[in-house]
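Right, one structure below, let's go through it.
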Amino acid sequence: MVGQPVETEIGFEFCVADFCRLVAAELKVSLSQVEGAVRLLDEGNTLPFIARYRKEATQGLDERQLRAIEDMLARARELAARKNTILKTIAEQGKLTQALRVQIEQCSDSRLLEDLYLPYRPKKKTRASMARERGLQPLADILLGQQRLSGSRREVLKAFVTSANDVADEEAAIRGACDIVAEVWAETPANRQWMVEQVQRAELVSAVKKGKAEEGRKFENYFDCREHVAKMPAHRFLAMQRGEAEGVLRLSWSMDDEAHQRQLKSRLITNPNFEFHSELEEAVTDCYKRLLRPAGENVLMQQLKEKADAEAVQVFAKNMRYLLMAAPAGPQVTIGIDPGFRTGCKVAVVDATGQFLASETIYPTPPREEKDKAAATLLRLIRDYTATLISIGNGTASRETDRFVSELIRQHNLKITKVVVNEAGASVYSASE
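My numbering puts the first residue of the sequence shown at 27, with every later residue one more than the last.
In structure tokens form, the structure reads like this:
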């Protein structure tokens, strides 16, 4: 690694001020709005509570904006914590250079962060690690440098042949060094990103396993199926994954491996006259087949799974919305009242199909107790929309509101039904998308 290890105190501190500035720019809101939202979230307030009762602190941020801030704050803090762990781990190895530290601290993508950490992550024994234990890292550095040799090939290799390190001959030396080279190339972030981009242009191939056709009949559509990654619907990907998990399907990637290896050789082999040119070509092939392609496939499978899961949640949410918005008392024009004291009672009217008609805020409860005005407003809504049902939430100020409505019905002999309903989940749902 180029550069000297950093010896100063290690640690990455999450900067709330910087975060607020970035979020304000991205959401196109003021800095003070984001700062207010973050402060309230850090105090333990829930999103529905902030959206409904702390509008003055956020200067009117709506539910979607608040949820975006909440999600971004959680991700940013998680990323900062991961940076701290990575910095300390690399520093303990004595391999943290100033350049690497800056790269890690400035990284804003979790996958790229893991790619930066990959060469330093404690891992099980690999062919490369065993080669390093046998003292072949200096030979690998010569191969990676691709500079003209000061002596002959044989002289260079002979220096690494020793029984003490279990390097029996020149062939064993070059083979071990190439294992190190292949791993270094495979753990370079730019190469990993290049490989992911190639896999993104590939096709996912699904085939039935031998002897599994009968028991896996429900996956029949995928017994011989090819899907281009860029065009593959989420539900088809999830179905293929289920088939693989149940042992019915075998998934594989179809891509132009020969073309990819040619591209990779042109990326990695910079000196065609290098004395170990042929060995480097073999190292490229090994890197691609054994390390880089499987890594790219794993990354893309994870990305596809995350995307498909998100789409599945959206479908579930859409179906759940229809369920939650179904009229529990049948097709009636309904007035819903969310009781409250200081902020008043929120009133909404929906028609027999659940469509929104009107809303008001009334103050029949302390401290304002504007009962006459509240009664006039409620009577107007009942008559204007021919309401047949009043639904009152059972939360704060419910009893006081219930008494007020009961008295109103009695005084005016209204032909309307009144019920008190459970508010559980209503606040969360009202602040959701």
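Ideal Cβ positions, reconstructed from N, Cα and C, are used throughout, including at glycine. Remember, it's a predicted structure, so these values are computed and weren't measured experimentally.
Would you identify the three-state DSSP class for residue i, choosing helix, strand or coil?
i, result
"D282", "coil"
"I418", "strand"
"D88", "coil"
"I295", "coil"
"D364", "strand"
"L277", "strand"
"E33", "Bear in mind that the predicted position of E33 carries a pLDDT of just 47, short of 50, making it unreliable; the figure below should be weighed with that in mind. DSSP places E33 in coil when its eight states are reduced to three."
"A378", "coil"
"L165", "helix"
"A265", "helix"
"A452", "helix"
"L175", "coil"
"A413", "coil"
"I388", "strand"
"C313", "helix"
"M27", "Because the pLDDT at M27 is just 38, under 50, the model does not fix this residue reliably, and the point stays unresolved."
"K149", "coil"
"T443", "strand"
"V359", "coil"
"C371", "strand"
"F40", "coil"
Quick one: measure Cβ to Cβ for residue i and residue j, integer angstroms, because I've assumed they're closer than 8 Å.
i, j, result
"R313", "A199", "Correcting the residue identity first, residue 313 is Cys in this sequence and not Arg. C313 to A199, Cβ: 19 Å. No contact."
"A265", "F245", "7 Å"
"T84", "G62", "5 Å"
"L306", "L162", "15 Å between Cβ atoms; not a contact."
"K121", "Y146", "6 Å"
"F302", "R179", "7 Å"
"R276", "K315", "Between K315 and R276 the Cβ distance is about 19 Å, and since that is not below 8 Å, they are no contact."
"G242", "V274", "3 Å"
"L21", "R108", "This structure gives no information on residue 21, because the portion of the chain shown stretches from 27 to 459."
"L318", "N217", "6 Å"
"R262", "V231", "The Cβ separation is near 13 Å, so there is no contact."
"V325", "R158", "V325 to R158, Cβ: 26 Å. No contact."
"E414", "T379", "In the sequence under discussion, the amino acid at residue 414 is Thr, which differs from the Glu named in the question. Rounded, the Cβ-Cβ distance is 14 Å, inconsistent with contact."
"L66", "R93", "So it is not a contact: roughly 13 Å between Cβ atoms."
"M98", "V49", "6 Å"
Count the other CB atoms, across all protein chains shown, that sit within 10 Å of the CB of residue i; report buried if there are 16 or more and exposed otherwise.
i, result
"Y389", "buried"
"M221", "buried"
"D44", "exposed"
"G202", "buried"
"D428", "buried"
"Y323", "In the sequence as presented, Tyr is not what sits at residue 323; that position holds Glu. The residue in question, E323, is buried, as its Cβ has 16 or more Cβ neighbours within 10 Å."
"V339", "exposed"
"V445", "exposed"
"F460", "The question about residue 460 has no answer, for the chain in this structure spans 27 to 459."
"E213", "buried"
"V64", "buried"
"T391", "buried"
"V28", "Residue placement at V28 is poorly supported in this model, since its pLDDT is 42, which falls under 50; the coordinates still yield a value, given next. Exposed is the call here."
"V128", "exposed"
"L349", "exposed"
"L175", "exposed"
"V341", "exposed"
"C133", "buried"
"S278", "exposed"
"G237", "exposed"
"G370", "buried"
"G269", "buried"
_Taking 8 Å as the cut-off, does the region 372-388 touch the region 320-338 (at least 3 CB pairs, one atom from each stretch)?_
no
*Are the region 148-159 and the region 204-219 touching by the rule of at least three beta carbon pairs closer than 8 Å?*
yes
*Three or more beta-carbon pairs under 8 Å between the region 273-287 and the region 185-197, yes or no?*
no
_In chain order, each alpha helix (DSSP H) run of at least 4 residues that lies wholly inside the region 181-260_ = 196-212, 215-225
*Determine, using beta-carbon pairs with one atom in the region 253-261 and one in the region 222-233, whether at least three such pairs fall under 8 Å.*
yes
*Starting from the N-terminal side, write out each stretch of the alpha helix (DSSP H) that is 4 residues or longer and does not extend beyond the region 319-353.*
319-350
*How about the region 365-380 and the region 408-424: do they share at least three Cβ pairs that are nearer than 8 Å?*
yes
*asked:* For the pair the region 345-361 and the region 369-378, tell me if three or more CB-CB distances fall below 8 Å.
replied: yes
*Contiguous beta strand (DSSP E) assignments of at least 3 residues, all confined to the region 52-138*: none
*Kindly confirm or deny that the region 429-444 and the region 403-414 touch, where touching means at least three C-beta pairs closer than 8 Å.*
yes
*Can you find at least 3 beta carbon pairs, one from the region 72-87 and one from the region 39-59, that sit closer than 8 Å?*
yes
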